[in-house]
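As structure tokens, the structure follows; a few thoughts come after it.
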Amino acid sequence: MPTESKADFQKMVREFFPYANFRPFQLNAIKFAFDVIKNGKIGLLSSPCGTGKSISVLTAYSMAKQLDNSVGRLLALTRTRNQLEIYCRELKSLKEHRNVSLVASVFKSKKEMCPHAKEDSKLREISYRDFLYYCKGLKEGTFGKTCKYYDRAYSGWKPSWSAYTVINKIKGIGPLLPDEVYEICRDQQICPYEATKILARYADIIIGNYNYILIDSIRGSILGRAGWRTKDMNCVFDEAHSLPYYAAGIFSDELSSASVRRALKEIRTFSLDDFGFLDALHEVMVELGKHLYKEYGANIEHIIGRDAAIETLSKNLKVDVDKMLEIISELSDKGELIRQKRAETGKSPVSYLSRCADFLSDWVSLTGSSYVRYVKVEIDKNERKSVRIGIRCLDPALAASVINELRSAILMSGTLWHTNYYIDVLGIERKRCETMDLPSPFPQENRLIVVDKAVTTKFEKRNERQWRQIAEHLSQIIKQISGRIAVYSPSYEVMREIAKNAMFDSPLVVEGRGTKILDVLQFLKNNERCVVFGVARGKISEGVDMTNEGRSMLSAVIVVGLPYPKRTELQTALYKYFKEKFGNKAIEYANDIPCLNALAQSAGRLLRSPEDRGVIVIMDNRAAGRFKQKLPNEWRNEMKPHLKIEEILNRIENFMEGRLD
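Just so you know, we're using my numbering here: the sequence shown kicks off at 724 and counts up by one.
Next up, the structure:
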């Protein structure tokens, strides 16, 4: 951009941008987002932590809308509650800076915004699917009573006078956080979720999660009813590196043998006839599990054909497949009856019968090469076995291609590397795409990246000797670094092998299936020197701010092994599907880029502000080989590979003491 036009653009930005100073490269991000929105494009923005992505896109949208009111409205989609709250705070700053009317409708889940769920522990503990059924039944009076909060929100099919009073109050004060909306609505005994839906009709901006655009039914019931047309919407996807996995997960599901046993208990408790269906289903699952466990062991997904389970089930029931589908439909209705009866007696409105019927309906109806079915055996901590059958969607584009229908879209992340991958797997129209890759805003000298070439977690080289060497090196590195350290492994299995061999005297937390993020953050705050063991792609490696008052709590992130997806039949099925769809890009799209994303997200927990300094250690010799060429330039330039642990320790010591080498 010529100097004069750059100056003019910066002057225009200043009218909207609420802060005194720009962060490094922030003007570039604003200009990119402005052009994408103004010109109706699809932008892919890789903008590392520290560039202020949220306020950049909000500023760009505000500018574009002032220049051309036909630009439409903005839908900002986030993956976590923390990101949602960041957008709310930035909107407040924008409104205060411009002193303009800016209406935002901010959605948390219906369950999180429900006063009944806040007050009733039984409702808080049930699954979201079961809660939605309960909410629907309560609104319709199915349980012999109705929802007073919902009833006060509407007068017939129109919003009530009380609801409009609350909406006008929120519009006058806002933008507000969902918890602030909740307090206002609860005081007036108005359903906070319904108030947020009504507010959406008048909103310039809606903030919510990915489901609001990716799931047809939600898009219709929330956005459609609020008068938001897809073709008029501008949409921002925050943390978009996770979008392919999230989109594919929308059409994926699992059913456990434990759920079938609970469904059997339900029909006996409520004296219902299931026509022998559940016994037959449980028998089929157990037989599949026995064969799998004998052949492959536990925690291994084995692909089975769609018709294999259905034909065996119909044979055991002595009915044809069409009749069996009728039975499934009838059982779904009986499941709703169970919910009703449980709710009427004050119990949580759960129905495992309904759960089984819904899953099997999807098992039959989701067809084509985009889906695979599998079975696996799990063993819990008490050595009890259970069988799971599942449906895995292989194609994120089935949900994500709706992006092409939007007026404009911005997919952004701190690690949106290899944009061709996202364009292809999400099914985005390439001719509409614009891309920008911004460098890190933090000083290069604040980060040391070291590769330990003496070890690897490559599958063929895993053995006790390798585990001991990794653990020994890890122990020495941790001892050398003072402070809080996060250690990430490719899988729970690798993490356990390393953890049991490592020896160090710092307080330790090891991530498990039931680990809570808040507990980990509190552990870090309570211990100035400690170690957290986690799993790449796990709860504490992505979308988690390990910060305190804006500063990172970590001194180092150690990635033990390259976090490639686990070798399973499902992973092989994904590769084959991508091979047919993308040809020679298949191995890169199925294996390499998911590995890069997991590595980048784990390492991204380290530096969260310009004042942070820390060490990244990658303990795998493959990181210094061909894999290195897949990394961004700044990573390749900064990486220091070493074969001897003494050299690694010496380099870390020099960095910690501020000596250059």
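Yeah, the Cβ is synthetic: ideal placement off N, Cα and C, and Gly gets one too. Quick caveat, the model's predicted, so the values are computed rather than measured.
If you draw a straight line from the alpha carbon of Y877 to that of R924, how long is it in whole angstroms? Position 154 of the sequence shown, counted from the first residue, corresponds to residue 877. Position 201 of the sequence shown, counted from the first residue, corresponds to residue 924. So the alpha carbons of these two residues sit roughly 15 Å apart.
Rounded straight-line distance, which links the Cα of D927 to that of E989: Here residue 989 corresponds to residue number 266 of the sequence shown, with the count starting at 1. Here residue 927 corresponds to residue number 204 of the sequence shown, with the count starting at 1. Answer to the nearest angstrom: the Cα atoms are 47 Å apart.
Span of the beta strand (DSSP E) around R737: Working through the sequence shown from its first residue, we reach residue 737 at position 14. It is not in any beta strand (DSSP E) - R737 instead sits in the alpha helix (DSSP H) that spans 726-737.
So the alpha helix (DSSP H) D1056 belongs to, where does it begin and stop? As a first step, residue 1056 is located in the sequence shown; it is residue number 333 there, counting from the start. D1056 -> alpha helix (DSSP H) spans 1044-1067.
Exposed or buried, L1366, counting other C-beta atoms within 10 Å across all chains shown (16 or more means buried)? Indexing the sequence shown from 1 puts residue 1366 at position 643. By the neighbour-count rule (16 or more Cβ atoms within 10 Å), L1366 is not buried but exposed.
Between S1109, P898, L1040, S975, which lies nearest to G1385 when the distance is taken from Cα to Cα? With the chain covering 724 to 1384 only, the question about residue 1385 has no answer from this structure.
So what's I1281 in DSSP terms, helix, strand or just coil? Reading the sequence shown from its first residue, position 558 is the one you call residue 1281. In the structure shown, I1281 sits in a strand (DSSP, three-state: E or B).
So, are the CB atoms of N1314 and P1286 less than 8 Å apart? Residue numbering aside, residue 1314 sits at position 591 when the sequence shown is read from its first letter. Residue numbering aside, residue 1286 sits at position 563 when the sequence shown is read from its first letter. No, the pair does not count as a contact, with Cβ atoms beyond the cut-off.
Counted within 10 angstroms of its Cβ, other Cβ atoms place T865 as buried (16 or more) or exposed: Along the sequence shown, one-based indexing puts residue 865 at 142. Buried, by the Cβ-count rule.
Check whether the segment 1172-1182 touches the segment 1193-1200, counting contact only when three or more Cβ pairs, one atom from each stretch, lie closer than 8 Å. With the cut-off at 8 Å, the segment 1172-1182 and the segment 1193-1200 touch.
What do you reckon, are the CB atoms on A799 and K761 nearer than 8 Å? By 1-based counting over the sequence shown, the position of residue 799 is 76. By 1-based counting over the sequence shown, the position of residue 761 is 38. It is not a contact, given that the beta carbons lie outside the stated cut-off.
Quick check: the segment 772-792 against the segment 1325-1338, are there 3 or more CB pairs under 8 Å? yes
Taking only the alpha-carbon atoms, compute the straight-line gap between K815 and E903 and give it to the nearest angstrom. Residue 815 sits at position 92 when you count from the first residue of the sequence shown. Residue 903 sits at position 180 when you count from the first residue of the sequence shown. One C-alpha to the other measures close to 13 Å.
Stretch-stretch touch, CB-based, cutoff 8 Å, three pairs: the segment 1120-1131 with the segment 939-957: Cβ pair count under 8 Å is three or more, so yes.
At the level of alpha carbons, what is the spacing between L1385 and L768? The structure shown does not extend to residue 1385, since the chain is modelled only from 724 to 1384, so the question has no answer here.
According to the Cβ coordinates, are Y1298 and I1310 closer than 8 Å? Taking the first residue of the sequence shown as position 1, residue 1298 is located at position 575. Taking the first residue of the sequence shown as position 1, residue 1310 is located at position 587. The answer is yes: Cβ separation under 8 Å.
How is the alpha helix (DSSP H) around S1077 delimited, first residue to last? For the purposes of this step, residue 1077 is taken as residue 354 along the sequence shown, with counting starting at 1. Counting along the chain, the alpha helix (DSSP H) containing S1077 begins and ends at 1075-1088.
Is it right to say Y851 is buried, meaning 16 or more other beta carbons lie within 10 angstroms of its own, or is it exposed? Here residue 851 is taken as the residue at index 128 of the sequence shown, counted from 1. Taking every protein chain shown into account, the CB of Y851 has fewer than 16 other CB atoms within 10 angstroms, so this residue is exposed.
Sufficient close CB pairs (3 or more, under 8 Å) joining the segment 1155-1165 to the segment 1342-1349: no
Three-state class that DSSP yields for N1377 in the structure shown: Indexing the sequence shown from 1 puts residue 1377 at position 654. Residue state, collapsed to three classes: helix.
Is V829 near T919, with beta carbons less than 8 Å apart? Taking the first residue of the sequence shown as position 1, residue 829 is located at position 106. Taking the first residue of the sequence shown as position 1, residue 919 is located at position 196. Yes, these two residues count as a Cβ contact at 8 Å.
Could you give the DSSP three-state label for K834: helix, strand or coil? Taking the sequence shown and counting its residues from 1, the one referred to as residue 834 is at position 111. It is coil, neither helix nor strand.
For the segment 879-926, list the alpha helix (DSSP H) runs that are entirely contained and at least 4 residues long, ordered along the chain. 884-896, 901-910, 915-922
Same chain only: Cβ atoms within 6 Å of E1152, ignoring 5 sequence neighbours per side: Residue 1152 sits at position 429 when you count from the first residue of the sequence shown. If we look at E1152 and ignore the five residues flanking it on each side, its Cβ neighbours are N1127.
C-alpha distance - R875 paired with R948, whole-angstrom precision: Here residue 875 corresponds to residue number 152 of the sequence shown, with the count starting at 1. Here residue 948 corresponds to residue number 225 of the sequence shown, with the count starting at 1. Distance between the alpha carbons of R875 and R948 is about 19 Å.
Return the first residue and the last residue of the alpha helix (DSSP H) that M1218 is part of. Here residue 1218 refers to the residue found at position 495 when the sequence shown is read from its first residue. 1215-1224 is the span of the alpha helix (DSSP H), which, as asked, contains M1218.
Within this structure, are the beta carbons of A1123 and G1150 separated by less than 8 Å? Counting from 1 along the sequence shown, the entry for residue 1123 is found at position 400. Counting from 1 along the sequence shown, the entry for residue 1150 is found at position 427. Yes, the Cβ-Cβ distance between A1123 and G1150 is below 8 Å.
Over what stretch of residues does the beta strand (DSSP E) that includes Y1094 continue unbroken? As a position in the sequence shown, residue 1094 is number 371, starting the count at 1. Y1094 -> beta strand (DSSP E) spans 1094-1102.
Going by Cα to Cα distance, which pick from E1024, H1025, I1023, M1047 is closest to E1034? Within the sequence shown, numbered from 1, the residue matching residue 1034 stands at position 311. Of the candidates E1024, H1025, I1023, M1047, the one whose C-alpha sits nearest the C-alpha of E1034 is M1047.
On the DSSP letters alone, give me the boundaries of the beta strand (DSSP E) that A1177 sits inside. As a first step, residue 1177 is located in the sequence shown; it is residue number 454 there, counting from the start. Neither: A1177 is in no beta strand (DSSP E) and is coded neither H nor E.
When the distance is taken between beta carbons, is T801 closer than 8 Å to E962? As a position in the sequence shown, residue 962 is number 239, starting the count at 1. As a position in the sequence shown, residue 801 is number 78, starting the count at 1. Contact flag set, yes.
In chain order, what residues of the same chain have a beta carbon less than 6 Å from the beta carbon of N1224, not counting five sequence neighbours either side? Numbered from 1 along the sequence shown, position 501 holds the residue referred to as residue 1224. Excluding sequence neighbours, N1224 sits near W1190, R1191, A1194.
How should M1269 be labelled, buried or exposed, when 16 other C-beta atoms within 10 angstroms of its C-beta is the threshold for buried? Numbered from its first residue, the sequence shown carries residue 1269 at position 546. Under this definition M1269 is a buried residue.
Separation of D1002 from I778, as counted between CA atoms: Here residue 778 refers to the residue found at position 55 of the sequence shown. Here residue 1002 refers to the residue found at position 279 of the sequence shown. Our two residues, I778 and D1002, have alpha carbons roughly 56 Å apart in a direct line.
As a quick exercise: from Q1203, N1250, T803, L987, pick the residue whose alpha carbon is nearest that of Y969. Here residue 969 refers to the residue found at position 246 when the sequence shown is read from its first residue. If we check each option's Cα against that of Y969, T803 comes out closest.
When the Cα atoms are used, what is the spatial distance from K776 to L1244? As a first step, residue 776 is located in the sequence shown; it is residue number 53 there, counting from the start. As a first step, residue 1244 is located in the sequence shown; it is residue number 521 there, counting from the start. Looking at the two C-alpha atoms, the distance is approximately 24 Å.
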